[in-house]
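S.K.: Residue numbers (the UniProt record's numbering): 1 to 602.
Supplied in structure tokens, the structure appears directly below.
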Amino acid sequence: MLKLINSKINNVLKRYENTSIQSIISTTFTIICIIGMLGVGGAIYVCFINSTEEIVYENNMFIAEQVNSSLESYLRNMMRISNGTYYSILKKNNFSESNVNNKLDLLYETNKDLLVSICVFTEDGKVVSSSPVGQVKDLVNPAESDWFLKARKRSENLHFSTPHVQNLFIDHDNQYRWVVSLSRAVDITYDGQIVSGVLLVDMNFSGIEQIFRNIDVGKNGYIYLINNDGEIIYHPKQQLIYSNLLEENNIVASTYDDGSIKEIFKGEDRLITVKTVGYTGWKVVCVTPIKDITSDYRRVGIIVIFILLLSIFIFSYLNMIVSVRITNPIVELEKSVKQLENGDNNVDISIKGSYEIQHLGKAIKSMIKQMHVLMENIIQQQEAKRKSELNALQAQINPHFLYNTLDSIIWMIENENYDGSIIMVTALARLFRISLSKGKNIISVRNEIEHVRNYLTIQNIRYKNKFTYEIQDDENTLDLCCIKLIIQPLVENAIYHSMEFMDGDGEIIIKLYINDDNLFIEVIDNGLGMTEDEAMNLLKKERKNKSKGSGIGIKNVNDRIKIYFGEKYGVSIYSEPDEGTMIRINMPCIRYDEDQIEEGTN
Numbered sequence: 001m002l003k004l005i006n007s008k009i010n011n012v013l014k015r016y017e018n019t020s021i022q023s024i025i026s027t028t029f030t031i032i033c034i035i036g037m038l039g040v041g042g043a044i045y046v047c048f049i050n051s052t053e054e055i056v057y058e059n060n061m062f063i064a065e066q067v068n069s070s071l072e073s074y075l076r077n078m079m080r081i082s083n084g085t086y087y088s089i090l091k092k093n094n095f096s097e098s099n100v101n102n103k104l105d106l107l108y109e110t111n112k113d114l115l116v117s118i119c120v121f122t123e124d125g126k127v128v129s130s131s132p133v134g135q136v137k138d139l140v141n142p143a144e145s146d147w148f149l150k151a152r153k154r155s156e157n158l159h160f161s162t163p164h165v166q167n168l169f170i171d172h173d174n175q176y177r178w179v180v181s182l183s184r185a186v187d188i189t190y191d192g193q194i195v196s197g198v199l200l201v202d203m204n205f206s207g208i209e210q211i212f213r214n215i216d217v218g219k220n221g222y223i224y225l226i227n228n229d230g231e232i233i234y235h236p237k238q239q240l241i242y243s244n245l246l247e248e249n250n251i252v253a254s255t256y257d258d259g260s261i262k263e264i265f266k267g268e269d270r271l272i273t274v275k276t277v278g279y280t281g282w283k284v285v286c287v288t289p290i291k292d293i294t295s296d297y298r299r300v301g302i303i304v305i306f307i308l309l310l311s312i313f314i315f316s317y318l319n320m321i322v323s324v325r326i327t328n329p330i331v332e333l334e335k336s337v338k339q340l341e342n343g344d345n346n347v348d349i350s351i352k353g354s355y356e357i358q359h360l361g362k363a364i365k366s367m368i369k370q371m372h373v374l375m376e377n378i379i380q381q382q383e384a385k386r387k388s389e390l391n392a393l394q395a396q397i398n399p400h401f402l403y404n405t406l407d408s409i410i411w412m413i414e415n416e417n418y419d420g421s422i423i424m425v426t427a428l429a430r431l432f433r434i435s436l437s438k439g440k441n442i443i444s445v446r447n448e449i450e451h452v453r454n455y456l457t458i459q460n461i462r463y464k465n466k467f468t469y470e471i472q473d474d475e476n477t478l479d480l481c482c483i484k485l486i487i488q489p490l491v492e493n494a495i496y497h498s499m500e501f502m503d504g505d506g507e508i509i510i511k512l513y514i515n516d517d518n519l520f521i522e523v524i525d526n527g528l529g530m531t532e533d534e535a536m537n538l539l540k541k542e543r544k545n546k547s548k549g550s551g552i553g554i555k556n557v558n559d560r561i562k563i564y565f566g567e568k569y570g571v572s573i574y575s576e577p578d579e580g581t582m583i584r585i586n587m588p589c590i591r592y593d594e595d596q597i598e599e600g601t602n
């Protein structure tokens with residue numbers, strides 16, 4: 001027998017040796033689908049037969065919980081109105097004043113759809129206030145009513161009555177409305193004295209009827225409501241029961257705990273589901289004849305057929321998923337190659353699928369890895385070159401400035417100009433402290449301006465006040481980022497090329513402002529000026545004469561700004577012969593953050 005089966009399997013496999021993989025997948029999954037449908041269909045049918053009763057249990061409990069939730073909402077509305085009447089009106093107002101009736105009328109009008117009446121009684125049954133205003137029937141004594149006695153006996157509780165026709169007040173409209181009464185003991189203020197009383201709230205019974213009216217418990221099932229003593233509050237055939245034309249097992253049902261239980265009543269097997277309503281102790285009772293459950297097997301068969309059809313859809317979907325998974329690796333590999341062609345060098349090559357596809361993916365991934373290594377080496381080389389250029393640019397500070405300044409200090413000391421020497425030494429110390437700046441390349445505009453101010457102080461003393469200077473700074477610019485030592489070279493240019501040949505009437509203005517999220521720093525002098533070609537040469541050539549000043553040329557400053565911030569930023573020169581010169585720095589507005597600078601992120 002086994003040999004025969006193996007022979008048949010081998011024959012089938014030989015037929016598919018030259019068939020495409022897509023055909024093999026389709027055939028295989030078709031067979032799996034048929035076997036799966038038969039197995040799952042049979043299992044579902046048996047499962048449904050065995051669990052039909054459990055489904056009815058759960059359905060009835062769900063219905064009972066839904067009704068319970070609606071009833072609790074209905075009762076909460078009653079308690080809300082009762083609490084609102086008591087705490088917001090009765091406790092806060094004197095019944096000798098007319099505003100109590102007005103407030104009760106307002107509360108009644110607000111909840112008119114729910115309420116039939118609100119009434120407050122004294123402890124001897126006298127009506128203190130009611131809304132709407134009604135006349136108590138002659139033969140009715142409220143103090144002897146069941147709801148009144150319960151409220152007086154257990155004053156801490158709220159008391160709910162069974163449904164009844166409103167029989168307290170004369171009904172002029174002859175509507176004979178059914179109500180559920182809520183009563184409670186209250187304290188009321190009357191003529192300045194606190195006396196005991198009873199609050200009665202009659203809710204429209206139609207609210208409870210509405211909750212039960214549209215409940216569907218099966219073909220012959222129904223649902224009813226009883227209190228904790230078994231008295232019927234609602235029943236779909238309530239009038240027949242009151243007329244003794246129909247019996248219900250309500251007294252026994254009141255003894256059942258929450259859940260489902262089977263009972264036999266008048267020879268009929270029934271499934272009873274009970275749910276207790278909070279606070280009141282009322283019980284929602286859901287009744288389903290057992291014969292209704294067993295008659296649903298045809299419905300179970302329909303469900304099984306539906307599940308079988310669903311199984312076909314599911315297995316067809318699985319077939320599609322498997323086909324996609326088999327062909328997906330080559331599709332993903334093709335997408336990755338397209339991304340690589342479009343310049344995405346960080347594409348992740350997926351190595352999945354058959355051996356050939358994996359080998360091809362590994363080869364492409366190895367090629368990209370080698371390309372990344374080469375590109376990383378180039379980036380590192382360029383970064384090292386950039387850093388060395390920056391360090392070289394910032395290292396071009398000529399020592400002649402220091403020598404000349406120290407000579408001036410010595411000369412002033414020898415001439416007993418101690419005040420000038422102190423000012424000069426102080427300015428020099430501050431200048432070099434900011435120049436060092438703990439090795440930072442980026443400092444705040446505030447520090448850069450302070451550096452220039454110290455530099456101008458030194459030069460003004462050295463040149464014996466040949467020029468005056470003014471710094472026009474904007475407070476909004478002082479806390480922005482600035483490359484260190486970029487304003488001083490511009491001031492040097494103004495001093496050595498313009499002020500040196502003037503006799504006491506030189507003027508230098510440093511102006512800072514923000515425009516379109518860019519920081520502009522202008523150094524303006526009234527010196528000799530220059531031609532356009534000379535201005536262009538300043539931006540193209542390094543300083544040739546380094547015997548004066550810091551040795552940092554304007555080209556140096558321009559290069560540093562472009563290296564840090566890009567080609568759109570840098571230095572511009574505007575000048576005319578004999579008309580003075582304006583040199584403008586343009587940088588982006590970036591807020592200065594000391595913590596980031598300390599971490600080396602500048």
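No residue lacks a Cβ here, since even glycine has one placed at the ideal position from N, Cα and C.
On the CB-based measure, 16 or more other CB atoms within 10 Å of its CB, does residue 525 come out buried or exposed?
M.R.: Buried: at least 16 other Cβ atoms inside 10 Å.
S.K.: Nearest CA to the CA of residue 250: which residue from 224, 202, 354, 426?
M.R.: Nearest option by C-alpha distance: 224.
S.K.: Keeping to the same chain, check which residues put their C-beta closer than 8 Å to that of residue 187; ignore five residues upstream and five downstream.
M.R.: These residues qualify, in order along the chain: 90, 91, 194, 195, 196, 197.
S.K.: Among residues of its own chain, excluding the 5 on either side of residue 558, which ones have a beta-carbon nearer than 6 Å to its beta-carbon?
M.R.: These residues qualify, in order along the chain: 539, 570, 571.
S.K.: Under 8 Å Cβ to Cβ from residue 347, same chain only, skipping five residues before and after it: list those, please.
M.R.: 336, 339, 340, 368.
S.K.: Can you find at least 3 beta carbon pairs, one from the stretch 295 to 313 and one from the stretch 278 to 285, that sit closer than 8 Å?
M.R.: The stretch 295 to 313 is not in contact with the stretch 278 to 285.
S.K.: Three-state secondary structure (DSSP) at residue 227?
M.R.: It is coil, neither helix nor strand.
S.K.: Have a look at residue 290 and residue 212 and give me their C-alpha separation to the nearest angstrom.
M.R.: Roughly 22 Å separates the two Cα atoms.
S.K.: Which residues does DSSP pair with residue 481 in a beta bridge?
M.R.: Looking at the DSSP assignment, residue 481 forms a beta bridge with 444.
S.K.: With residue 75 and residue 280 assumed to form a contact (beta carbons below 8 Å), what rounded beta-carbon distance in angstroms separates them?
M.R.: Confirmed, about 6 Å.
S.K.: Considering only C-alpha positions, which residue in the set 235, 579, 508, 576 is nearest to residue 469?
M.R.: When each option's Cα is compared against that of residue 469, the closest is 508.
S.K.: For the candidate residues 210, 365, 52, whose alpha-carbon lies nearest to that of residue 295?
M.R.: Per the Cα distances, 52.
S.K.: Of the choices 175, 47, 413, 200, whose alpha-carbon is the least far from that of residue 149?
M.R.: That would be 200, whose Cα lies nearest to the Cα of residue 149.
S.K.: Once you ignore the five residues that flank residue 118 on each side, which residues in its own chain have a CB closer than 7 Å to its CB?
M.R.: Excluding sequence neighbours, residue 118 sits near 85, 104, 107, 108, 130, 131, 201.
S.K.: Classify residue 120: buried if its beta carbon has 16 or more other beta carbons within 10 angstroms, exposed otherwise.
M.R.: When all chains shown are included, residue 120 counts as buried.
S.K.: Please report the straight-line C-alpha distance between residue 674 and residue 220, rounded to a whole angstrom.
M.R.: In the structure displayed, the chain extends from 1 to 602; residue 674 sits before or after that span and is not available.
S.K.: Report the rounded CA-to-CA distance for residue 481 versus residue 522, giving the unit in angstroms.
M.R.: Their Cα atoms are separated by approximately 16 Å.
S.K.: Report the option in 448, 440, 359, 419 whose CA atom is closest to the CA atom of residue 430.
M.R.: Considering only alpha carbons, the answer is 448.
S.K.: Buried or exposed: where does residue 205 fall if 16 or more other Cβ atoms within 10 Å of its Cβ makes it buried?
M.R.: Buried.
S.K.: Near residue 425, which residues of its chain fall below 7 Å by C-beta distance, leaving aside the five closest residues on each side in sequence?
M.R.: Excluding sequence neighbours, residue 425 sits near 409.
S.K.: Can residue 560 and residue 442 be called in contact, C-beta distance under 8 Å?
M.R.: No, the Cβ-Cβ distance between residue 560 and residue 442 is not below 8 Å.
S.K.: Would you tell me roughly how many angstroms separate the C-alpha atoms of residue 329 and residue 349, rounded to the nearest one?
M.R.: C-alpha separation (whole angstroms): 10 Å.
S.K.: Find out if the Cβ-Cβ distance for the pair residue 604, residue 478 is shorter than 8 Å.
M.R.: Residue 604 falls outside the range modelled here, since the chain spans only 1 to 602, and no answer is possible.
S.K.: Cα separation between residue 574 and residue 460?
M.R.: Distance between the alpha carbons of residue 574 and residue 460: 24 Å.
S.K.: For my contact list, residue 230 and residue 254 are in at a C-beta cut-off of 8 Å; report their separation, rounded to the angstrom.
M.R.: Indeed they touch by this definition, with Cβ atoms about 4 Å apart.
S.K.: Can you confirm whether the stretch 25 to 43 touches the stretch 154 to 170 when touching is taken to mean that 3 or more C-beta pairs between the two stretches lie within less than 8 Å?
M.R.: With a cut-off of 8 Å, the stretch 25 to 43 and the stretch 154 to 170 do not count as touching, because too few Cβ pairs lie within range.
S.K.: Which residues in the same chain as residue 183 place their Cβ atom closer than 8 Å to its Cβ, once the five residues preceding and following it in sequence are excluded?
M.R.: Here the set comprises 147, 148, 150, 151, 158, 159, 161, 198, 199, 200, 201.
S.K.: Only counting the same chain, and skipping five residues up and downstream in sequence, which positions put a Cβ closer than 6 Å to that of residue 142?
M.R.: Cβ within range, chain order: 121, 125, 148.
S.K.: Determine the closest residue to residue 68 out of 373, 228, 278, 466, with distance taken between C-alpha atoms.
M.R.: Minimum Cα distance to residue 68 is reached at 278.
S.K.: Helix, strand or coil for residue 154? Go by DSSP, reduced to three states.
M.R.: Note: residue 154 maps to coil in three-state DSSP.
S.K.: How would you write the range of the beta strand (DSSP E) that residue 586 sits in, first residue to last?
M.R.: Element bounds for residue 586: 581 to 588.
S.K.: Whose C-beta lies closer than 7 Å to the C-beta of residue 258 among residues of the same chain, with five residues either side of it excluded?
M.R.: Closer than 7 Å at Cβ, skipping near neighbours: 274, 275, 276.
S.K.: Where does residue 283 sit, in a helix, a strand or coil, going by DSSP?
M.R.: DSSP places residue 283 in strand when its eight states are reduced to three.
S.K.: Could you check where the alpha helix (DSSP H) with residue 252 kicks off and where it finishes?
M.R.: Counting along the chain, the alpha helix (DSSP H) containing residue 252 begins and ends at 250 to 253.
S.K.: What is the C-beta distance between residue 180 and residue 208, in whole angstroms, given that I count them as a contact (C-beta under 8 Å)?
M.R.: With a Cβ gap of about 7 Å, residue 180 and residue 208 count as contacting.
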